[in-house]
Amino acid sequence: MTVAGPEHLPAAELFRTYDIRGAAADLAEGDAAWWLGRAIATVAAESAPGPVALGRDGRLSSPAIAAAVADGLRAGGANVIDLGAIPTPLLYYGAWRLARGNGVMVTASHNPPADNGLKIVLGRRTLFGDGIRDLRHRLQEGALTRGDGSYRTADILADYRSRIAEDIRLERPLEVVVDAGNGIAGPAAVAVLEALGARVHPLHCEPDGHFPHHHPDPSRPENLADLAEAVRHQGADLGLAFDGDGDRLGVVDEQGRMVWPDRLLALFLPEVLAARPGAAVLFDVKSTGALFSAITEAGGRPVMTPSGHSLIRARMEAEGAVLAGELTGHLFLADRWFGFDDALYAAARILELVARAPTTADALGEPGDCVATPEIHLPVARAHGQTVIAALQAMTPPPGAAATTVDGLRLDFPRGWGLIRLSNTADALVLRFEAADVGELAAQREQLRRMLAEVDPALAGALAGATLLGGMS
Numbered sequence: 001m002t003v004a005g006p007e008h009l010p011a012a013e014l015f016r017t018y019d020i021r022g023a024a025a026d027l028a029e030g031d032a033a034w035w036l037g038r039a040i041a042t043v044a045a046e047s048a049p050g051p052v053a054l055g056r057d058g059r060l061s062s063p064a065i066a067a068a069v070a071d072g073l074r075a076g077g078a079n080v081i082d083l084g085a086i087p088t089p090l091l092y093y094g095a096w097r098l099a100r101g102n103g104v105m106v107t108a109s110h111n112p113p114a115d116n117g118l119k120i121v122l123g124r125r126t127l128f129g130d131g132i133r134d135l136r137h138r139l140q141e142g143a144l145t146r147g148d149g150s151y152r153t154a155d156i157l158a159d160y161r162s163r164i165a166e167d168i169r170l171e172r173p174l175e176v177v178v179d180a181g182n183g184i185a186g187p188a189a190v191a192v193l194e195a196l197g198a199r200v201h202p203l204h205c206e207p208d209g210h211f212p213h214h215h216p217d218p219s220r221p222e223n224l225a226d227l228a229e230a231v232r233h234q235g236a237d238l239g240l241a242f243d244g245d246g247d248r249l250g251v252v253d254e255q256g257r258m259v260w261p262d263r264l265l266a267l268f269l270p271e272v273l274a275a276r277p278g279a280a281v282l283f284d285v286k287s288t289g290a291l292f293s294a295i296t297e298a299g300g301r302p303v304m305t306p307s308g309h310s311l312i313r314a315r316m317e318a319e320g321a322v323l324a325g326e327l328t329g330h331l332f333l334a335d336r337w338f339g340f341d342d343a344l345y346a347a348a349r350i351l352e353l354v355a356r357a358p359t360t361a362d363a364l365g366e367p368g369d370c371v372a373t374p375e376i377h378l379p380v381a382r383a384h385g386q387t388v389i390a391a392l393q394a395m396t397p398p399p400g401a402a403a404t405t406v407d408g409l410r411l412d413f414p415r416g417w418g419l420i421r422l423s424n425t426a427d428a429l430v431l432r433f434e435a436a437d438v439g440e441l442a443a444q445r446e447q448l449r450r451m452l453a454e455v456d457p458a459l460a461g462a463l464a465g466a467t468l469l470g471g472m473s
């Protein structure tokens with residue numbers, strides 16, 4: 001049966017492209033989290049009947065929000081299996097194992113401490129885009145089920161750890177440093193890697209929602225400084241970093257140098273495609289252009305996608321892909337694993353590759369000869385950012401450049417490329433550049449700056465002043 005919806009709808013800003021995310025206060029206001037649980041239970045009853053697994057990260061607001069979501073799910077008739085404070089990949093694993101692929105994770109990933117949100121998977125499919133908007137529509141219309149669902153707790157870590165230990169064997173002992181940035185992944189990551197026989201040096205692995213040491217975003221080189229120093233100090237084989245909820249991976253080599261996630265994706269190509277020749281391999285629009293040839297030469301079919309973990313997972317299913325990656329550190333392995341973005345499992349597979357080689361350098365190789373920037377963020381109001389991107393996409397590209405508009409505007413030049421797109425998790429334009437040398441990198445930035453100046457001179461000025469922090473891709 002249906003009942004009236006909330007008197008005050010949850011803030012519209014919470015309903016993002018990939019998930020529900022924003023200020024934790026907005027989720028608490030007017031019982032928003034309770035009503036969202038109710039709406040999720042309604043959709044689950046229609047599209048994916050079965051229990052719903054629930055997890056939460058280590059943010060200070062997560063216990064209260066998770067409790068409210070659980071109550072809302074039960075009020076909508078869903079039977080809740082509470083997995084407690086766990087990384088997002090363990091929530092997915094628990095959903096697959098215990099709840100017919102249904103799960104809700106209370107997390108805002110790498111967002112600031114005052115934020116929170118919900119990642120939702122129903123029937124093993126991530127809810128995003130129209131599915132997220134449908135939740136708000138149901139709340140508006142009061143189209144909600146009523147029930148009296150049950151509640152129980154479960155511990156999934158031991159099962160998850162055993163499953164990975166069954167899949168992966170290290171051919172030689174490895175010494176690794178793990179930096180979880182005080183996110184929720186620390187304890188589970190240490191447990192999993194030690195189960196494989198690795199000697200683990202934990203760094204910032206105690207969950208603390210204040211994130212006191214550095215922001216838990218391994219895609220930013222500055223957040224890997226502590227890890228790089230610890231790897232060099234310990235003489236470790238490599239270092240592993242995780243984001244706030246454990247679905248994104250960062251890696252530094254034995255010298256403390258960052259290994260970009262698009263390079264990590266390339267490391268998996270020979271083994272994965274030898275077993276599945278001709279299969280699709282997905283990479284997002286922010287990734288190195290070298291992946292086109294690398295995937296083709298390994299016997300795969302390269303597919304460039306928009307950025308966003310939810311979008312990539314849906315596209316993987318559509319393409320029958322066995323492997324996918326995103327520059328922010330989401331890695332999806334579907335050859336021997338479940339295909340969801342799991343940084344802990346991806347880390348274990350990286351260790352497996354390194355242990356097969358005599359040294360880390362033999363396994364990871366040397367950085368390539370292309371110079372690349374990390375992501376450059378230009379703050380902008382969302383509506384204006386959409387206008388800016390639409391205007392850029394409508395322009396004629398510079399001479400010699402090929403334009404791709406799968407997500408924002410990517411310009412591929414003979415010796416590199418540049419990208420500008422609107423973030424779906426923050427109010428910002430995101431840019432990245434890759435080129436044969438620093439001079440070419442600056443030239444490509446200038447091409448995009450000129451185009452941007454025709455739309456918004458202030459943003460063009462901000463781009464001109466941005467530091468091109470050269471990393472090796």
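The sequence shown runs 1 to 473 under UniProt numbering.
The C-beta atom is built at its ideal place from N, Cα and C for all residues, glycine as well.
- Per DSSP, H201 is one residue of the beta strand (DSSP E) stretching across R199 to L203.
- Within the same chain, Cβ atoms closer than 7 Å to the Cβ of V200 are found at V176, V178, V190, L193 and E194, the five residues on either side in sequence being excluded.
- A straight-line Cα-Cα distance of about 23 Å links P398 and T467.
- The alpha-carbon of S423 is positioned some 10 Å away from that of L431.
- Assigned with DSSP and collapsed to three states, A154 falls in coil, not helix or strand.
- Going by C-alpha positions, V388 is about 30 Å away from N223.
- The beta carbon of E206 sits closer than 7 Å to those of N182 and G186, all from its chain and outside the five residues before and after it, given in chain order.
- Setting aside the 5 residues that flank it on each side, A391 is surrounded in the same chain by V455, each with a C-beta closer than 7 Å to its C-beta; the list follows chain order.
- In this structure D245 is not in contact with M451, their Cβ atoms being roughly 36 Å apart against a cut-off of 8 Å.
- The beta carbon of I132 is closer than 6 Å to those of F15 in its chain, skipping five residues each way along the sequence.
- Between L122 and the set G197, A39 and S150, the nearest pair of CA atoms involves A39.
- In this structure, DSSP gives N424 a state outside helix and strand, which the three-state scheme calls coil.
- Of the candidates E352, A403 and R415, the residue whose Cα lies closest to the Cα of R172 is E352.
- When DSSP states are grouped into helix, strand and coil, N102 belongs to the coil group.
- For the 9 Å CB-CB criterion, L282 and F340 do not form a contact.
- Looking at the DSSP output, E434 bridges to A372 and W417.
- A324 and R152 have their alpha carbons spaced roughly 34 Å apart.
- Taking C-beta atoms as the reference points, Y18 and L311 count as a pair closer than 9 Å.
- Per the C-alpha coordinates, the member of F413, L83 and A436 positioned closest to P367 is A436.
- A33 and G239 have their alpha carbons spaced roughly 37 Å apart.
- Per the coordinates, the alpha-carbon of L429 lies some 22 Å from the alpha-carbon of V438.
- Of all alpha-carbon atoms in Q255, A28, R161 and H215, the one lying nearest the alpha-carbon of A180 is that of H215.
- Secondary structure of A143 (DSSP, three-state): coil.
- Annotated three-state conformation of G325 is strand, per DSSP.
- T126 is classed as buried because its beta carbon has at least 16 other beta carbons within 10 Å across all chains shown.
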